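J.:
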Amino acid sequence: MSGWILRRFLATIPVLLGVTLVSFVLTYLLPGDPARAMAGERYREEDLDRIRHELGLDRPVPEQYARYMGRVLTGDFGVSYATQRPVAEELLERFPRTFLLACAALLIAIAIGIPLGTIAAARAGGAIDRFATLFALLGVSLPVFWTAMLFVYCFAIQLRWFPPSGFIDTSPAAIVLPAFTLGLRSAAVLARMTRASLLETLGQDFMRTARAKGVSAPNVLLRHGLRASLVPIVTLAGLDFGSYLSGSVFTESIFAWPGVGQYALHAILRRDFPAIQATVLFLAVVFVMVNFLVDVAYGALDPRIRLRKEDAA
Numbered sequence: 002m003s004g005w006i007l008r009r010f011l012a013t014i015p016v017l018l019g020v021t022l023v024s025f026v027l028t029y030l031l032p033g034d035p036a037r038a039m040a041g042e043r044y045r046e047e048d049l050d051r052i053r054h055e056l057g058l059d060r061p062v063p064e065q066y067a068r069y070m071g072r073v074l075t076g077d078f079g080v081s082y083a084t085q086r087p088v089a090e091e092l093l094e095r096f097p098r099t100f101l102l103a104c105a106a107l108l109i110a111i112a113i114g115i116p117l118g119t120i121a122a123a124r125a126g127g128a129i130d131r132f133a134t135l136f137a138l139l140g141v142s143l144p145v146f147w148t149a150m151l152f153v154y155c156f157a158i159q160l161r162w163f164p165p166s167g168f169i170d171t172s173p174a175a176i177v178l179p180a181f182t183l184g185l186r187s188a189a190v191l192a193r194m195t196r197a198s199l200l201e202t203l204g205q206d207f208m209r210t211a212r213a214k215g216v217s218a219p220n221v222l223l224r225h226g227l228r229a230s231l232v233p234i235v236t237l238a239g240l241d242f243g244s245y246l247s248g249s250v251f252t253e254s255i256f257a258w259p260g261v262g263q264y265a266l267h268a269i270l271r272r273d274f275p276a277i278q279a280t281v282l283f284l285a286v287v288f289v290m291v292n293f294l295v296d297v298a299y300g301a302l303d304p305r306i307r308l309r310k311e312d313a314a
């Protein structure tokens, strides 16, 4: 088991190296000049040359990449062009808020999606099953920004139950609307996946054997059926959680949530190269580590998956 986990961990290293190269190259393909953005509207050419020299933008691109990798390996992500603060410090300051929002959204998705999908599978063809199908269709079809604005209008402006935006340390209510905006879409997908996976499991031989032995219907459904159906459900939940942590740009921007997604959007608009590169790399590390943990969870949920991968290796 430990050897398999180590191999899975080592496999993430080439991915992260590729992310550093891609993020660095794409940053320089963005339109605009960060030196002009820093110089303001009234500038002289010598001012631009001085700023480019101070930022290292006048050096050859391979040299800039080598210097960038050297800083990354020592934990130095550079200084933001816009705020003149270390980028690593700003990311670590914002990430806990994104993590809090991601955990709340995932909790909502699991609390709604898995029970709804389980009941729909148990009562296939019934009213609850049709409701679950409609819920999944609407949840996947509605854009996140439209759902966010609808929630703000209904629950913040009209009913005044929750604050419309912002992060308030002393008010847990501030997280409700952005968390539901993120979580409902995932809940819809989880409900559909839970239903499909559970229906497939319920038709297998070991489930018929359990029913023939007199095992109660709830135990057959939950203890045997749902447990055997968890692998694709965990996959979806892990991918959604990774996307939340990778910065939900629309949600954080609409609700003025000071997280990593909002920081990434501001960095792109300002052509803040160090902030963009560091944010992309940081979020890639987070997403890769979440997927690594999902792989480890596969081995715990179904040892056959681990054994097949070990045999293939």
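First residue of the sequence shown? That's 2 in our numbering, and the numbers climb one at a time after it.
The beta-carbon is built from N, C-alpha and C at its ideal position, and this holds for glycine as well.
None of these values were measured; they are calculated from a predicted model.
1) Applying the 10 Å Cβ sphere with the 16-neighbour rule, what's the burial state of residue 82?
2) Starting from the N-terminal side, write out each stretch of the beta strand (DSSP E) that is 3 residues or longer and does not extend beyond the stretch 81-148.
3) Measuring CA to CA, which of 274, 232 and 157 is closest to residue 175?
4) Does the stretch 226-233 come close enough to the stretch 146-157 to have 3 or more Cβ pairs within less than 8 Å?
5) Whether or not the stretch 179-197 and the stretch 125-143 are in contact is what I'm after, with contact meaning three or more pairs of Cβ atoms, one per stretch, closer than 8 Å; do they touch?
6) Cutting at 6 Å between CB atoms, please list the residues of its own chain near residue 186, excluding the five before and the five after it.
7) Tell me which same chain residues have a C-beta within less than 7 Å of the C-beta of residue 268, skipping the five on either side of it?
8) Compute the Euclidean distance between the alpha carbons of residue 54 and residue 105, then round it to the nearest angstrom.
9) Below 8 Å between beta carbons: does that hold for residue 89 and residue 78?
10) Using CA coordinates, which residue listed in 201, 65, 50 and 108 is at the minimum distance from residue 227?
11) Is residue 182 helix, strand or coil by DSSP?
12) Over the uninterrupted alpha helix (DSSP H) stretch that includes residue 72, give me the two end residues.
13) Are the beta-carbon atoms of residue 179 and residue 258 separated by less than 8 Å?
14) Can you give the Cα-Cα distance for residue 261 and residue 95, rounded to whole angstroms?
T.: To lay it out plainly:
1) That one is buried.
2) Assignment of beta strand (DSSP E) within the stretch 81-148, counting only whole runs of 3 or more residues, yields no such run.
3) It is 157 whose Cα lies nearest to the Cα of residue 175.
4) No, they do not touch.
5) With a cut-off of 8 Å, the stretch 179-197 and the stretch 125-143 count as touching, because enough Cβ pairs lie within range.
6) Once the five neighbours on either side are set aside, the close Cβ partners of residue 186 are 140.
7) Closer than 7 Å at the Cβ level, and outside the excluded window around residue 268, lie 276, 277 and 280.
8) Taking C-alpha positions only, residue 54 is separated from residue 105 by approximately 45 Å.
9) Pairing residue 89 with residue 78 gives a Cβ-Cβ distance under 8 Å.
10) Nearest in C-alpha terms to residue 227, of all of 201, 65, 50 and 108, is 201.
11) For residue 182, the three-state secondary structure derived from DSSP is helix.
12) The continuous alpha helix (DSSP H) containing residue 72 extends over residues 62-74.
13) Going by beta carbons, residue 179 and residue 258 fall inside the 8 Å limit.
14) Looking at the two C-alpha atoms, the distance is approximately 6 Å.
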